[in-house]
Amino acid sequence: MNTDFDQKVVREQTQSVKFDARRAVFGTDEVVPLWVADMDFAAPPAVTQALVERAQHPVYGYSLFPESLYQSMIDWFQVRHHWRVEREWIMLAPGVVPSLHAAVLAFAREGEGIIIQPPVYPPFFSSIRQTDRRVIENPLRLHNGQYQMDLQHLDECARDGARLLLLCSPHNPVGRVWREEELEALLSIARRHQLIIVSDDIHCDLTYPGHRHTMLAQLATDEDRIITAVAPSKTFNVPGLGLSALVVPDAAHRRAFKQVFDSAHMEQANPFSLTAFEAAYRHGGEWLDELMTYLQGNVDFVESYLRQRVPGITTCKPEGTYLMWLDCRALGLSDTELKTFFVKQAGVGLNPGISFGAEGGGFMRLNIGTRRAGLEQALGQIEKAVRNLSPR
Numbered sequence: 001m002n003t004d005f006d007q008k009v010v011r012e013q014t015q016s017v018k019f020d021a022r023r024a025v026f027g028t029d030e031v032v033p034l035w036v037a038d039m040d041f042a043a044p045p046a047v048t049q050a051l052v053e054r055a056q057h058p059v060y061g062y063s064l065f066p067e068s069l070y071q072s073m074i075d076w077f078q079v080r081h082h083w084r085v086e087r088e089w090i091m092l093a094p095g096v097v098p099s100l101h102a103a104v105l106a107f108a109r110e111g112e113g114i115i116i117q118p119p120v121y122p123p124f125f126s127s128i129r130q131t132d133r134r135v136i137e138n139p140l141r142l143h144n145g146q147y148q149m150d151l152q153h154l155d156e157c158a159r160d161g162a163r164l165l166l167l168c169s170p171h172n173p174v175g176r177v178w179r180e181e182e183l184e185a186l187l188s189i190a191r192r193h194q195l196i197i198v199s200d201d202i203h204c205d206l207t208y209p210g211h212r213h214t215m216l217a218q219l220a221t222d223e224d225r226i227i228t229a230v231a232p233s234k235t236f237n238v239p240g241l242g243l244s245a246l247v248v249p250d251a252a253h254r255r256a257f258k259q260v261f262d263s264a265h266m267e268q269a270n271p272f273s274l275t276a277f278e279a280a281y282r283h284g285g286e287w288l289d290e291l292m293t294y295l296q297g298n299v300d301f302v303e304s305y306l307r308q309r310v311p312g313i314t315t316c317k318p319e320g321t322y323l324m325w326l327d328c329r330a331l332g333l334s335d336t337e338l339k340t341f342f343v344k345q346a347g348v349g350l351n352p353g354i355s356f357g358a359e360g361g362g363f364m365r366l367n368i369g370t371r372r373a374g375l376e377q378a379l380g381q382i383e384k385a386v387r388n389l390s391p392r
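With full-length UniProt numbering, the residue at position 380 of the sequence shown is 380, and numbering never jumps.
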């Protein structure tokens, strides 16, 4: 395909959260926006072509999910991940975040505990707190520049009345692609305590050379209770279309989800969402391969630039996702000061690490799903701001 990921796509004035909400989020439009997790690249041509063809039919009424859509997903995960998904296991949903919320409602009662592993994507917290369930934190441990699960502590958390574990795999924001032995150890604890695991695998296709994503469900036995959330949204840069899928092998679990979705009148069948979903999974593979080559170049560029030119900021090299976790603790700034520093001194809009939990204090999340030229501009501004920073 030879996709030109260096081509600039103007996103201003398209109602883009990433670009058009800058003033609301950062207090100014004058920041390089490298925050909210969508990419600045055009979606795969096959997706755009399918959407244009669908738009040319002038009726956009209530829609059904065709069997070909389910088959496109089944084929994708069989070929890309060697994971066999049965048709009856698939439940389509209006997004992974609503699915997390639905899982909390379906499988835990008010006051019951749900385990998460911070620093982690903020909706993991809010899906529990906003439904009056209890957050049980099993923080990841940073050791020699790599985050690891604290399995002994996880076992203790599971004994604290936990009903459910929300797993982020690959992990947002720290970029870990969990190894098979780590997942096996996790499963062992879950079996011992009869935990239901909801595994958010939305970034499963975005892994770098030398790292292979293992779907947790691939390791499951009949006694395991695993629910997997997936979507083409991050992989093919179509998150605004909203459609995702749950893979739920247990029929009772499917009924519990259906009850929650039905009670909330959650509608999933947008004609454009289903069109993009199928086109991406059927025809997006070559585009994805080229994307990952480009993103690997971005990872290498950022890592090299920070190491050579920006004292005080290091990074945990991601094994997956298009997000990089910047360790800014050596700058000696509080979390409030750190956010202000990046906006006012550096002119760069990032996600504050503290929003991912207390363990994210002193960190910032950088979205590298953009043109290399944009990254170079942002890093140059950060370099200048760090050099002008008064000694603490």
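Using N, Cα and C, we set each Cβ at its ideal position, and we do this for glycine too.
Assignment of beta-bridge partners to E137 by DSSP yields I116. Proximity of the stretch 149-163 to the stretch 105-123 meets the contact definition, three or more beta-carbon pairs being nearer than 8 Å. Take the alpha-carbon of A103 and the one of S199: they are about 11 Å apart. Collapsing the DSSP output to three states places G332 in coil.
DSSP places Q148 within a strand segment (E or B) once states are collapsed to three. Relative to P352, the option among L366, K344 and Q345 whose CA is nearest is L366. Under the 8 Å Cβ criterion, the stretch 163-178 does not count as touching the stretch 340-349, having fewer than three qualifying pairs. Relative to V10, the option among L216, G27, M39 and T3 whose CA is nearest is M39. Inclusion of E267 and T214 in the CB contact set at 8 Å is not warranted, their separation being larger than that value.
Taking a cut-off of 8 Å for Cβ pairs, the stretch 296-314 and the stretch 71-85 do not touch, as fewer than three such pairs fall below it. Put simply, of D262, L34 and V248 the residue whose alpha carbon is nearest the alpha carbon of I90 is V248.
DSSP, read as helix, strand or coil, puts I382 in helix. Inter-residue distance for P45 and P239 is about 16 Å (C-alpha atoms, whole angstroms). Taken through DSSP and simplified to helix, strand or coil, L154 comes out as helix. Under the three-state reduction of DSSP, S244 is assigned to strand. For S63, there is no enclosing alpha helix (DSSP H), as DSSP marks it with neither H nor E. Bridge pairing for W325: C316 and R365 [DSSP].
In the assembly as shown, N138 is a buried residue. Its beta-carbon has 16 or more other beta-carbons within 10 Å. In this model, S63 and A269 are separated by some 6 Å (Cα to Cα).
By the C-beta criterion, the stretch 361-379 is judged to be in contact with the stretch 344-351, since at least 3 inter-stretch pairs fall below 8 Å. Here S199 is bridged, per DSSP, to L167 and T228. The beta carbon of G161 lies closer than 6 Å to those of G113 in the same chain, with the five residues before and after it left out. In the DSSP annotation of this structure, the continuous segment of the alpha helix (DSSP H) that includes M292 starts and ends at G285 to R309.
Around L195, the same chain offers I115, A158, A162, R163, L164, L165, I189 and R225 as residues with beta carbons nearer than 8 Å, after the five sequence neighbours per side are excluded.
With contacts defined as CB atoms closer than 8 Å, R329 and E383 fail to qualify as a contacting pair. According to DSSP, residue pairing for P33 in a beta bridge involves G349.
Of the candidates G357, L323, K8 and A21, G357 places its Cα closest to the Cα of D335. Closest in alpha carbon position to V177, among H193, L216, R192 and D29, is L216.
Among the bridge pairs identified by DSSP, A21 is matched with none.
Rounded to the nearest angstrom, the Cβ distance from Y322 to L295 is 5 Å, consistent with a contact under 8 Å.
Contact check for A229 against L241 fails: the beta carbons are separated by 8 Å or more. In the structure shown, A93 falls within a strand segment according to DSSP collapsed to helix, strand and coil. Boundaries of the alpha helix (DSSP H) around D262: A251 to A264. Comparing C-alpha distances from P209 to each of P318, L34 and D132 shows the shortest one belongs to P318. Inter-residue distance for L291 and D201 is about 18 Å (C-alpha atoms, whole angstroms). Cβ-Cβ separation between I197 and L167: approximately 6 Å, consistent with a contact (criterion under 8 Å).
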